[in-house]
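S.K.:
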Amino acid sequence: MPDQVALQNLHKYFGKLEVLRGIELTVESGEVVCVIGPSGSGKSTLLRCINLLEQPTDGRVVVDDFDLTDPDANLDVARRSIGMVFQQFNLFPHMTVLENVTIAQRKVLKRPREEADRIALAQLTKVGVAEKAAQYPSKLSGGQQQRVAIARALAMEPDLMLFDEPTSALDPELVGEVLRVMRRLADEGMTMIVVTHEMAFAKEVADRVVFMDDGVIVEQGPPGEVLENPQSDRARSFLQRIL
Ligand code: ADP
Ligand code: MG
Numbered sequence: 010m011p012d013q014v015a016l017q018n019l020h021k022y023f024g025k026l027e028v029l030r031g032i033e034l035t036v037e038s039g040e041v042v043c044v045i046g047p048s049g050s051g052k053s054t055l056l057r058c059i060n061l062l063e064q065p066t067d068g069r070v071v072v073d074d075f076d077l078t079d080p081d082a083n084l085d086v087a088r089r090s091i092g093m094v095f096q097q098f099n100l101f102p103h104m105t106v107l108e109n110v111t112i113a114q115r116k117v118l119k120r121p122r123e124e125a126d127r128i129a130l131a132q133l134t135k136v137g138v139a140e141k142a143a144q145y146p147s148k149l150s151g152g153q154q155q156r157v158a159i160a161r162a163l164a165m166e167p168d169l170m171l172f173d174e175p176t177s178a179l180d181p182e183l184v185g186e187v188l189r190v191m192r193r194l195a196d197e198g199m200t201m202i203v204v205t206h207e208m209a210f211a212k213e214v215a216d217r218v219v220f221m222d223d224g225v226i227v228e229q230g231p232p233g234e235v236l237e238n239p240q241s242d243r244a245r246s247f248l249q250r251i252l
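Residue numbers (my numbering): 10 to 252.
1) Taking the alpha-carbon positions, what's the phenylalanine 95 to glutamate 124 distance?
2) With respect to 8 Å, is the separation between the Cβ of leucine 100 and the closest non-hydrogen atom of ligand 1 below this value?
3) For the alpha helix (DSSP H) that contains arginine 245, what are its first and last residues?
4) Out of Val227, Gln154 and Ile251, which has the shortest C-alpha to C-alpha gap to serine 241?
5) Confirm the yes/no value for this check: CB of aspartate 173, any heavy atom of ligand 2, distance under 8 Å.
6) Among residues of its own chain, excluding the 5 on either side of valine 138, which ones have a beta-carbon nearer than 8 Å to its beta-carbon?
7) Determine the extent of the alpha helix (DSSP H) in which phenylalanine 210 is found, giving its start and end residues.
8) In the DSSP assignment, the alpha helix (DSSP H) including arginine 57 goes from what residue to what residue?
9) Can you determine whether any heavy atom of ligand 2 sits closer than 8 Å to the C-beta of lysine 52, and answer yes or no?
10) Whose C-alpha, out of Phe247, Arg30 and Lys212, is nearest the C-alpha of proline 232?
11) When DSSP labels each residue in this structure, what does glutamate 174 get in the three-state scheme?
12) Is it buried or exposed for leucine 252, if we count other Cβ within 10 angstroms and need 16 for buried?
13) Between phenylalanine 220 and ligand 1, is there a pair consisting of the residue's CB and a ligand heavy atom that are separated by less than 8 Å?
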């Protein structure tokens, strides 16, 4: 099976600060990879480089055989297959839930309104918030808003989903409903890269856990190995601090 994502010698500087220092990572189709590591270790920057929300300073990003770092790459087309979910939901506050889930379908994919509405309602149903379609995001709980954000990404029919701490902004009682949606997506075979501090989720759902520190991948492997028997001092001390 060819790799769906291949990051080769990825470097990212912000000014003089080197935030990613030679990342090598491949992800197979259908794989769920959880990325863990201390704050400031470069996890968000890594995700943002995968869809070129950040331009890597050096190295290659290949997704679905598209080299996104090729200067001639059509990023709009390449990005269509990549969905992203952020910690802060990033819904458009002045649009209803339905409009949030149809806007990119209509503007980017040029779907007619009826088709976009139908797909949006199907995705909202899937994440359990279809009854909120006509509401504005501010009327929804954080867990509902994040599920809308997931539906919005899925409505574009991506084959890779990136999640950047999708439950970190949620009250504890709302975390489970979002993780359940993500778990089902994983069960359906979606390729997922998930930055998370939810170790129970990583343990149960991830095929592989990647531990990052200071811009490098320090170790990676099956969750049972990395989370329960970390080989590096850095991973051991990180896990002791958070567990
Ligand atoms: P993490 O997600 O692991 O907490 P980030 O990728 O957000 O880490 O950040 C890694 C480092 O890069 C941090 O030192 C952060 O301050 C810095 N950084 C992130 N984004 C920017 C930016 N746009 N400009 C300057 N520095 C940034
Ligand atoms: Mg981050």
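Even for Gly, the Cβ is constructed at its ideal location relative to N, Cα and C.
M.R.: The answer reads as follows:
1) About 26 Å.
2) In this structure, leucine 100 has its beta carbon at no less than 8 Å from each heavy atom of ligand 1.
3) Counting along the chain, the unbroken alpha helix (DSSP H) around arginine 245 starts and ends at 242 to 251.
4) With distances taken between Cα atoms, serine 241 lies closest to Val227.
5) The answer is yes for aspartate 173.
6) Cβ neighbours of valine 138 beyond the five flanking positions: Val106, Leu149, Gln153, Arg156, Val157 and Ala160.
7) From DSSP, the alpha helix (DSSP H) with phenylalanine 210 extends over 208 to 214.
8) Looking at the DSSP string, the run of the alpha helix (DSSP H) that includes arginine 57 is 52 to 59.
9) The answer is yes for lysine 52.
10) Of all alpha-carbon atoms in Phe247, Arg30 and Lys212, the one lying nearest the alpha-carbon of proline 232 is that of Lys212.
11) DSSP places glutamate 174 in coil when its eight states are reduced to three.
12) Exposed: under 16 other Cβ atoms inside 10 Å.
13) In this structure, ligand 1 has no non-hydrogen atom nearer than 8 Å to the beta-carbon of phenylalanine 220.
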